[in-house]
Amino acid sequence: MKPLRLSCAVASALLVAVAVAEDPLRIDARNTFTGPTADTSVMTVLLENDGPDARGVVRVTSDTGEMLYPVELPRGARKKLLTLPPAGWGELSFSLETNQGNVRRRMPSINFGNQNGGTILLVGDDIGGLGFLRRQTDGKSSISTGDSYVTAEEAPDRPVAYRQFNVVALGPGSERMTDGTVRALRDYALAGGTLVFFGGASAPTLEDPRWAAALPGKGWHPTTLAGSKVLGDLGSYPLGERFTVLTPNEMASGSRARKEGATVLESERGYGLGRVVVLGYSPLEQPLSVWEGRTKALTRFVRAGETQRSRQFQAAFLRQGYGEVRYGGGTVGYSTTTMGPGGTTVTMTPIPPPPASTAGSMGATPWPGYRSASEDPFSTTLPPTSSVFGLLAIYFVLVVPVSFLVLRKMKRGEFAWVTAPVLSLGFAGLLFKSAQSLYAASLSSASQGVVVLQEGSPEGIFFGTSQMFFPRGGVYD
Numbered sequence: 001m002k003p004l005r006l007s008c009a010v011a012s013a014l015l016v017a018v019a020v021a022e023d024p025l026r027i028d029a030r031n032t033f034t035g036p037t038a039d040t041s042v043m044t045v046l047l048e049n050d051g052p053d054a055r056g057v058v059r060v061t062s063d064t065g066e067m068l069y070p071v072e073l074p075r076g077a078r079k080k081l082l083t084l085p086p087a088g089w090g091e092l093s094f095s096l097e098t099n100q101g102n103v104r105r106r107m108p109s110i111n112f113g114n115q116n117g118g119t120i121l122l123v124g125d126d127i128g129g130l131g132f133l134r135r136q137t138d139g140k141s142s143i144s145t146g147d148s149y150v151t152a153e154e155a156p157d158r159p160v161a162y163r164q165f166n167v168v169a170l171g172p173g174s175e176r177m178t179d180g181t182v183r184a185l186r187d188y189a190l191a192g193g194t195l196v197f198f199g200g201a202s203a204p205t206l207e208d209p210r211w212a213a214a215l216p217g218k219g220w221h222p223t224t225l226a227g228s229k230v231l232g233d234l235g236s237y238p239l240g241e242r243f244t245v246l247t248p249n250e251m252a253s254g255s256r257a258r259k260e261g262a263t264v265l266e267s268e269r270g271y272g273l274g275r276v277v278v279l280g281y282s283p284l285e286q287p288l289s290v291w292e293g294r295t296k297a298l299t300r301f302v303r304a305g306e307t308q309r310s311r312q313f314q315a316a317f318l319r320q321g322y323g324e325v326r327y328g329g330g331t332v333g334y335s336t337t338t339m340g341p342g343g344t345t346v347t348m349t350p351i352p353p354p355p356a357s358t359a360g361s362m363g364a365t366p367w368p369g370y371r372s373a374s375e376d377p378f379s380t381t382l383p384p385t386s387s388v389f390g391l392l393a394i395y396f397v398l399v400v401p402v403s404f405l406v407l408r409k410m411k412r413g414e415f416a417w418v419t420a421p422v423l424s425l426g427f428a429g430l431l432f433k434s435a436q437s438l439y440a441a442s443l444s445s446a447s448q449g450v451v452v453l454q455e456g457s458p459e460g461i462f463f464g465t466s467q468m469f470f471p472r473g474g475v476y477d
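Take 1 as the starting number for the sequence shown in the numbering used here and just add one per residue.
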């Protein structure tokens, strides 16, 4: 017995030692979205601190770049952090770097690339419910649609987290989303995404006041249909079973509907650059969950082309090269494109460029409409190098040989102590005069782009470029 007791005592001591030696800082990472086609473009980082208060950064690194997220971790903290790792094909590294120590977690980077059938995210409790969309064939080629999932509680509250999806569908359980998630999804639609609400026998989301201004109708109530020829035609497969749809009492202005007789089956409206669609039926409930036409009926909304057009529209204001428009120290683009489910043509007219600076002059021509560089600091430029070197050359010629030779000939060489400083001040004044716009400008910022708004919505999204001018010793930053 004594050896056994001794062994138990030693084992207990070792366990205690391991527990004491365990790092109080811990980090882990997991995919925010689940599913067989979910990648690592959006990751949730889990942080824990059982030691002293710590502060620092979470460094997310891939083979193409890194991002830093500042964090504060009081003793006993348990935090979740949404991160957007730079796209890559190698390894992802998540490092917690604080004043109390560093910990790291590594994992492989997963990138499925572009799905030729688009991508869809289902928010709710039916994880895996859209697996039937994954592989289809039209008889000529194979179509691949990426399906991902997230519960309402885990859905991100930042619109950028949904940028990879052509469609975000709200299924059963999505009514539990936080206010931040609802705002993020409204912004996602404003930016060009498609929101799809599933109906059926019951859909609390359609009665949620947070969505009221975005929906294509109001007063949703259940109606039972004995089959549907319209859906049968859309799915290329007859639908003769009875099913329940949620249909609105009143359609919103600018919305449109697809009906079976007098019953609204589907309704949609444009929302910013995107759209909001309500399917009165649910492809996740019987009999539609076993209907062979649901794949074709639902993939109509997963349109990669529409998302691509909205991204091109955004890129026109986020990058150069779409037709440059000069604004002070930077450029933005403009485009004419067709957007929205209604085919609305959105034309952005470029601002006329400012006139070029006069050749050989110092400084720059202010932007038309501004009276001085103090009002438009972005028109300021450094004096031409040739002018600066020219002034310096004339200065050295006058101060050294000319001044001394003239004064010596006049037998007034002692005056050099006066003429040299006077000439220096004069040339310094000329130099500062040529760069006076740099010193007249104050700390400034300017933005140019487009603001996307939606009537009835409290949010808006800005796509464009911003500049900042820091007057530090005449340096244009």
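Using N, Cα and C, we set each Cβ at its ideal position, and we do this for glycine too.
The structure presented is a predicted model; accordingly, all values stated were derived computationally and were not measured.
Residue range of the alpha helix (DSSP H) that includes residue i
i	result
residue 394	385-397
residue 185	179-190
residue 233	229-235
Rounded Cβ spacing between residue i and residue j (contact assumed at less than 8 Å)
i	j	result
residue 449	residue 469	At roughly 18 Å, the Cβ-Cβ gap does not stay under 8 Å, so residue 449 and residue 469 are not in contact.
residue 73	residue 47	6 Å
residue 281	residue 217	Between residue 217 and residue 281 the Cβ distance is about 15 Å, and since that is not below 8 Å, they are no contact.
residue 86	residue 67	7 Å
residue 79	residue 44	No, residue 79 and residue 44 are not in contact; Cβ-Cβ is about 10 Å, not under 8 Å.
residue 291	residue 227	Contact doesn't hold; Cβ gap of about 10 Å is too wide.
residue 27	residue 105	5 Å
residue 299	residue 205	With a Cβ gap of about 22 Å, residue 299 and residue 205 do not count as contacting.
residue 35	residue 162	Actually they do not touch by this definition, with Cβ atoms about 14 Å apart.
residue 190	residue 451	So it is not a contact: roughly 10 Å between Cβ atoms.
residue 459	residue 186	6 Å
Cβ-Cβ distance between residue i and residue j below 8 Å
i	j	result
residue 118	residue 302	yes
residue 222	residue 246	yes
residue 399	residue 430	no
residue 49	residue 75	yes
residue 178	residue 157	yes
residue 254	residue 272	no
residue 42	residue 58	no
residue 244	residue 132	no
residue 391	residue 427	yes
residue 434	residue 386	no
Limits of the unbroken beta strand (DSSP E) element including residue i
i	result
residue 44	43-49
residue 226	221-226
residue 295	Run containing residue 295: none in the beta strand (DSSP E); it sits in the alpha helix (DSSP H), 294-299.
residue 27	25-31
residue 167	167-170
residue 243	242-247
residue 62	54-62
residue 147	146-150
residue 81	77-83
residue 99	Taken as a continuous stretch (DSSP letters only), residue 99 belongs to no beta strand (DSSP E), as it is neither H nor E.
residue 256	256-260
residue 446	444-453
residue 40	Here residue 40 belongs to no beta strand (DSSP E), and DSSP marks it neither H nor E.
Cβ neighbours of residue i in the same chain (closer than 8 Å, five flanking residues each side left out)
i	result
residue 371	At residue 371 the pLDDT is 46, less than 50, meaning the model places this residue with poor confidence and gives no usable figure here.
residue 92	29, 40, 43, 60, 61, 62, 85, 106, 107, 108, 109
residue 230	258, 259, 260, 265
Pick from the options that is closest to residue i, judged by C-alpha positions
i	options	result
residue 279	264, 271, 67	264
residue 192	306, 69, 232, 230	306
residue 171	203, 144, 288, 190	203
residue 153	174, 27, 39	174
residue 164	32, 260, 293, 421	32
residue 65	291, 90, 418, 82	90
residue 176	189, 151, 169, 186	151
residue 420	397, 435, 240, 249	397
residue 181	211, 404, 201	211
residue 69	230, 186, 95, 454	95
residue 214	286, 36, 277	277
residue 293	240, 187, 38, 35	240
residue 201	287, 155, 249, 262	287
Own chain residues within Cβ distance below 6 Å of residue i, not counting five before or after
i	result
residue 360	Its pLDDT being 32, under 50, residue 360 is placed unreliably in this model, and the coordinates cannot settle the point.
residue 167	120, 194, 196, 301, 302
residue 184	157, 158, 159
residue 466	447
residue 445	468
Own chain residues within Cβ distance below 7 Å of residue i, not counting five before or after
i	result
residue 130	120, 122, 147
residue 238	232
residue 251	216, 217, 257, 267
residue 54	25, 73, 98, 99, 100
residue 1	For residue 1, the predicted structure reports a pLDDT of 49, less than 50, and the residue's modelled location is therefore unreliable. The matter cannot be settled from this model.
residue 484	Since the first and last residues shown for the chain are 1 and 477, residue 484 lies out of range.
residue 339	A caution first: residue 339 carries a pLDDT of 37, below 50, which makes its placement in the model too unreliable to give a value.
residue 503	No answer is possible for residue 503: the residues shown for the chain start at 1 and end at 477.
Minimum Cβ-Cβ distance from residue i to chain C less than 8 Å
i	result
residue 251	This model lacks chain C altogether, as it is built from one protein chain only.
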